[in-house]
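Enquirer: The numbering used here numbers the first residue of the sequence shown as -10 and each following residue consecutively. Just so you know, even glycine gets a beta-carbon here, dropped at the ideal spot from N, CA and C. Take a look at this one; I'll ask things after.
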Amino acid sequence: MPHDPGPAFRALHRPGDPFVLANAWDLGSARMLAALGAQALGTSSAAYAFTLGRPDMGHVSRDEMLAHAQDLVSATPLPVSADLENGYGDAPEDVARTVRLACEAGLAGLSIEDVAPPAGEAYPFDLAVERIRAGAAAARACPRDIVLLARADGVMTGAYDFAEGIRRLQAFADAGADGVYLPAPASLDDVARICASVAVPVNALAAGGFTRHTRADFAAAGVARISLGSALARATHRLIKDAAEAMLGPAGDFSPLSRSIAGTQVDALLASGGRVRSAS
């Protein structure tokens, strides 16, 4: 029988004892993160779009993203949760179909946003809730466990304020979401307010100013899961940019390349990451 990571993934979600959802963007990064101790992997719509030479927000199709997610599922035995943007359609039925396809792809979890790409305009409140209700019903009807995370992205895109974000998270939880996520609030105090406002696990994003905080800080706020989004992928792009500017510029400076690691180390991590098992 194929390995089913769903129950182990759900068990990782402990408020006040967060795990890191390590967002990968290809098989190599997935296996390296697994070898280095990740307990679960996530996709990133932005990071994967970068690999295709495209921008984020609606420029990768559902078929492309699910195929990418399935590649990550096959890369390691770790649970994988997919960033599936708005569910690739406006209607509740579109979200439900995306959830069913995510289950078929072997995913242990997925997230659905309440804004429509590419502009990031928020769905009306009632429609946003019905979309999550449909997704939750589809998740419960799946033949195996899958964790549905409902995202209130309108604070990040400027579509609505923090109070409306809290209202939406509470409604999403009532509609059956297994966890909730409001990316990029103003402060860690706001993250704590989110955690106190709902009875389901909360995801927080370690990016931007939040990289100043430690896992212990997020734990004290009540967070259950810490995701990276595209931050790790963008850190690798920063290295490419800095190294290229140095070596292709007037100085012809190759010294940034000295911060690499040996190919044999990479080989060992790739081999190990394909074998590692998740902790239940």
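What do you get for residue 57, buried or exposed, if any count of 16 or more other CB atoms within 10 angstroms of its CB means buried?
Expert: Taking every protein chain shown into account, the CB of residue 57 has 16 or more other CB atoms within 10 angstroms, so this residue is buried.
Enquirer: Leaving aside the five residues before and after residue 83 along the sequence, list all residues of the same chain whose C-beta is less than 7 Å from its C-beta, in chain order.
Expert: 76, 77
Enquirer: Kindly list the residues whose CB is nearer than 7 Å to the CB of residue 59, restricted to its own chain and excluding five residues on each side of it in sequence; keep chain order.
Expert: 94, 95
Enquirer: Using CA coordinates, which residue listed in 228, 5, 264 is at the minimum distance from residue 248?
Expert: 228
Enquirer: Please classify residue 189: does DSSP put it in a helix, a strand, or coil?
Expert: coil
Enquirer: For the alpha helix (DSSP H) containing residue 102, name the first residue and the last one.
Expert: First-last for residue 102: 98 to 102, but that is the beta strand (DSSP E), not the alpha helix (DSSP H).
Enquirer: Look at the alpha carbon of residue 127 and the alpha carbon of residue 89, and state the distance between them as a whole number of angstroms.
Expert: 6 Å
Enquirer: Grouping DSSP H, G and I as helix and E and B as strand, with all else coil, what is residue 215?
Expert: strand
Enquirer: Would you check if the region -10 to 9 and the region 236 to 243 touch, i.e. whether three or more CB-CB distances between them fall below 8 Å?
Expert: In the pairwise beta carbon analysis, the region 236 to 243 is classified as not touching the region -10 to 9: fewer than three pairs are separated by under 8 Å.
Enquirer: Let me know the secondary structure DSSP gives residue 9 once reduced to three states.
Expert: strand
Enquirer: For the putative contact between residue 69 and residue 30, defined by C-beta atoms under 8 Å, what is the C-beta separation to the nearest angstrom?
Expert: 5 Å
Enquirer: Assign residue 137 to one of three DSSP states: helix, strand, or coil.
Expert: strand
Enquirer: Please confirm whether residue 26 and residue 259 have their CB atoms less than 8 Å apart.
Expert: The Cβ atoms of residue 26 and residue 259 lie no closer than 8 Å to each other.
Enquirer: Could you tell me which residues DSSP puts in a beta bridge with residue 111?
Expert: 104
Enquirer: Quick one, are the C-beta atoms of residue 215 and residue 22 less than 8 Å apart?
Expert: no
Enquirer: Suppose you measure from the CA of residue 72 to the CA of residue 140; what does that come to, to the nearest Å?
Expert: 10 Å
Enquirer: Find the nearest neighbour of residue 210 within the set 220, 221, 191, judged by alpha-carbon distance.
Expert: 191
Enquirer: Taking residue 148 as the reference, give the member of 177, 203, 109, 159 with the closest Cα.
Expert: 109
Enquirer: Using a Cβ distance threshold of 8 Å, determine whether the region 153 to 165 contacts the region 196 to 207, with at least three qualifying pairs required.
Expert: The region 153 to 165 is not in contact with the region 196 to 207.
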